[in-house]
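Chains as they are written, first to last, in our numbering: chain U, 25 to 330; chain L, 41 to 358; chain A, 4 to 281. Even for Gly, the Cβ is constructed at its ideal location relative to N, Cα and C. Structure record follows, encoded as structure tokens.
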């Protein structure tokens, strides 16, 4: 088991390296002169040369790439063109906020979604109402959902603050926005899982033992139907993070998503790249966590690589 | 405490499809009945009906009684309490019938805990049961998951689960069909042994007549959702009446060394699907069918003590 | 919802939006500031006011003309980005799933790289290089989405490759390209159709999202996403500036989702059976 995870971790590292190389190469091909952008349109040649040397803008692609990658290993993601601060510091300052938001939204999605999925799965006929609501909610892009909630609960009903901040009250609407995408998704997955398990031969065996209905559900049905959810959460993390970015923008939540948007507006290359790298690391880590969880929950996956 | 298992006029269907048209038989307490038939004959359905494990969409008519308990009429709490205790069922596919996320020991112990044992006592009991079903070293088996066990071991685990509640009747649905011959021999030996020790009534379903010879006290032959012949085992082999039974016996070959080599015999045609033709269900494939067979359904008749068959030729020279 | 109803509803909705997009030239220019487009105090006109069916925006431009033009843009992007990401993804997926070995490993590694970064984050980084406009956003969206298709097609191809008819063709020495074309693609077509529909939904959503964030299509060019952005400031006194384009985004995504949902459920009508009910 440890060996399998070791292999996956190594592959993950390869993937991250690939992300770094690919993104770096793409961003190197920026038209226009960043040195001039920083130094200002009236800088002379000498200032420009200084800026270039300082930010390592001279030198070949390979040299720049190498110095960047060795920097990452040391935890150095370069310096923001615009704010003159190390990118790592900027990201580190904002990471906790994103983490709180992501966790809150995820917890809400998974718990509520699974509960609905279990309820729908146990019903003799699937709930048409739930199915319709699901399709509807899945069709509303995250930022649209965010605005609608902000409009209703923030502006019209004044239940929640409409200015940015990180207090608990500020967390509610963004977390709910994230959840409203996740809930229908997990509800469908869990419902399908429940149906499959309820019709499985081993459920018949459990019933045949004379176990009461509740024991069959808790001992046999739920665990088999819900354990795939944990894996899915990890594997879907990339999609989920996109939603987080939008929500941070709509609700002015000071996380790395908002930072990335600002960096885009400023064409702040180091920050854009740095966020890409950090995001890739988070996603790969989430995938690994999902793999580990799957091995714990499903003994069938322990021996061979999936 | 042992009672006879009495099935009378059993009829099972799904939607407008009838799988068992009319089945009646008696299994005396403590005896072994082997139920033989091709796929589609309804034998599995009969087993599931007796064990009350048919899907909720099944329509069941007729009666199944164990002593003075009306098995088909049980509901609710009485049904739940009867499960496993009156009639236990061992399915054909042990892999699918075991929960992949629980160890073998846990799945056996679960039955014991339900009967009131403490967790520790149940765990110990599970290992004892594994020893009884022929595992020389039960401990590692108890701790393994179904996917880690061999086919034969899984089947023994299923039998252990079935035995855990000490059932009066054990119904085994082709438990050895998917296993190789040596493993099969072991399971059959286990079945004989269990019956001697526990006096359990055994209903064993198979399509292999070799198993009949090894295990049966009595044999019932099913075709097209009906029981076409039923007799004590020696009587059946000595004087098979129904043409289908005779065909089946002829298809079994003696594979022991030195046995005379007989030509390979097969029964032409295939079993009925969907609505049965009028008259005898077997008549399209029967080598000795008479005009009457296409029109009138033959009813079971006594041929000899304990021996019934449903064939119009019984009156005529067989 | 029953599958046929879902499919029909989705197609009807999409058809309506296509009609709107086609009618855009007839509805007036989205850039033109209408005379009397603003109220006396300089505020945008609301729904139905002053002959403007959907009101006007903060500069006095007709909202109907703008959303119609936006429909045109969004559907154009949806079509282009869908086709390119589907083609690229399907190609990679089929080749990787069929060829196996090193080709498979290499291609799946590349796919993993593209899947490792959340779409918006990589979208913004890419957009900073590619620039604004329809072409730019099509390139960005293709780069983001091809990998999902590749993975799905890969999985299905693996399953198909194990089937007897494929193994038979391989044994007969039939060339890979022919096998892919004649044996695999037809069986993949229903999956690809569903992917195309759901991809369409995702593409419209991310296109609007990126434009909202400042990438993609930027003002004064009308696009639903950047219209939402512009409408943010007027949220208190003229919420329709926000809600109208928002509604159209949702409608368009919903149309694709309904189509995808309807298509994917056409084949499977299973009877529910629960052993708890016996």
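Roughly how far, in whole angstroms, is the beta-carbon of residue i from the beta-carbon of residue j, given that I think they are within contact range, below 8 Å?
i	j	result
residue 266 (chain L)	residue 350 (chain L)	7 Å
residue 315 (chain U)	residue 27 (chain U)	With 8 Å as the limit, residue 315 (chain U) and residue 27 (chain U) do not qualify as a contact, their Cβ atoms being about 13 Å apart.
residue 272 (chain L)	residue 240 (chain L)	The pair is not a contact, with the Cβ atoms about 19 Å apart (cut-off 8 Å).
residue 264 (chain L)	residue 318 (chain L)	With a Cβ gap of about 12 Å, residue 264 (chain L) and residue 318 (chain L) do not count as contacting.
residue 338 (chain L)	residue 352 (chain L)	5 Å
residue 277 (chain U)	residue 271 (chain U)	7 Å
residue 167 (chain L)	residue 182 (chain L)	5 Å
residue 116 (chain A)	residue 43 (chain U)	5 Å
residue 234 (chain U)	residue 91 (chain L)	Residue 234 (chain U) to residue 91 (chain L), Cβ: 11 Å. No contact.
residue 171 (chain U)	residue 231 (chain A)	7 Å
residue 72 (chain A)	residue 225 (chain A)	5 Å
For residue i and chain A, any beta-carbon pair shorter than 7 Å?
i	result
residue 184 (chain U)	no
residue 321 (chain L)	no
residue 95 (chain L)	yes
residue 310 (chain U)	no
residue 212 (chain U)	no
residue 336 (chain U)	Lying before the first or after the last residue shown, residue 336 (chain U) is absent from chain U, which here runs from 25 to 330.
Any C-beta of chain C sitting closer than 7 Å to the C-beta of residue i?
i	result
residue 28 (chain U)	Absence of chain C from the displayed structure is noted, the protein chains being U, L and A.
Between the C-alpha atoms of residue i and residue j, what's the straight-line distance to the nearest angstrom?
i	j	result
residue 161 (chain L)	residue 147 (chain L)	14 Å
residue 30 (chain L)	residue 215 (chain L)	One cannot answer for residue 30 (chain L) here, as it falls past the ends of chain L, which runs 41 to 358.
residue 290 (chain L)	residue 181 (chain A)	51 Å
residue 45 (chain L)	residue 249 (chain L)	23 Å
residue 243 (chain L)	residue 242 (chain U)	32 Å
residue 27 (chain A)	residue 212 (chain A)	22 Å
residue 279 (chain U)	residue 9 (chain A)	38 Å
residue 252 (chain U)	residue 154 (chain U)	21 Å
residue 98 (chain U)	residue 92 (chain U)	10 Å
residue 87 (chain A)	residue 238 (chain U)	51 Å
residue 219 (chain L)	residue 309 (chain U)	44 Å
residue 211 (chain U)	residue 137 (chain U)	4 Å
residue 332 (chain L)	residue 114 (chain L)	41 Å
residue 98 (chain A)	residue 109 (chain U)	45 Å
residue 75 (chain L)	residue 278 (chain A)	25 Å
residue 4 (chain A)	residue 299 (chain U)	Caution is warranted here: a pLDDT of 49 is assigned to residue 4 (chain A), below 50, making its placement in the model unreliable, and no coordinate value can be reported.
residue 227 (chain A)	residue 190 (chain A)	37 Å
residue 22 (chain A)	residue 47 (chain U)	40 Å
residue 63 (chain A)	residue 239 (chain A)	17 Å
Would you verify that the beta carbon of residue i is, or is not, closer than 7 Å to some beta carbon of chain L?
i	result
residue 325 (chain U)	no
residue 148 (chain U)	no
residue 225 (chain U)	yes
residue 229 (chain U)	yes
residue 60 (chain A)	no
residue 280 (chain A)	yes
Looking at C-alpha atoms only, which residue of the options is the closest neighbour of residue i?
i	options	result
residue 58 (chain L)	L:346, L:332 and L:312	L:312
residue 117 (chain U)	U:320, U:281 and U:291	U:281
residue 198 (chain U)	U:106, U:132, U:51 and U:111	U:132
residue 120 (chain U)	U:135, U:283, U:227 and U:233	U:283
residue 156 (chain A)	A:168, A:172, A:34 and A:91	A:91
residue 151 (chain A)	A:178, A:220, A:53 and A:199	A:199
residue 228 (chain U)	L:132, L:286, L:260 and L:306	L:132
residue 38 (chain U)	U:323, U:304, U:161 and U:124	U:304
residue 93 (chain L)	L:211, L:343 and L:152	L:211
residue 36 (chain A)	A:21, A:112 and A:66	A:66
residue 16 (chain A)	A:260, A:280, A:268 and A:267	A:260
residue 100 (chain A)	A:154, A:47, A:38 and A:262	A:154
Chain U beta carbons: is any one of them nearer than 7 Å to that of residue i?
i	result
residue 217 (chain A)	yes
residue 260 (chain A)	yes
residue 160 (chain A)	no
residue 151 (chain L)	yes
residue 249 (chain A)	yes
residue 44 (chain A)	no
Within 6 Å: the Cβ of residue i and any heavy atom of the ligand FAD?
i	result
residue 103 (chain U)	In the structure shown, the ligand FAD is absent, as is every other ligand, since no ligand is present at all.
As an exercise, report each continuous alpha helix (DSSP H) stretch of at least 4 residues that is fully enclosed by the segment 236–288 of chain L, in chain order. Counting whole runs of 4 or more residues, the segment 236–288 of chain L contains the alpha helix (DSSP H) stretches 249–255 and 273–278.
At 4 residues or longer, and completely inside the segment 292–316 of chain U: list those alpha helix (DSSP H) runs for me, N to C. none
List in chain order: all unbroken alpha helix (DSSP H) runs of 4+ residues lying wholly within the segment 219–266 of chain A. Whole alpha helix (DSSP H) segments, 4+ residues: 227–235.
Considering only residues of the segment 128–172 of chain L, which uninterrupted alpha helix (DSSP H) runs meet the minimum length of 4 residues and lie entirely inside it, listed in chain order? 134–137, 144–154 and 159–172
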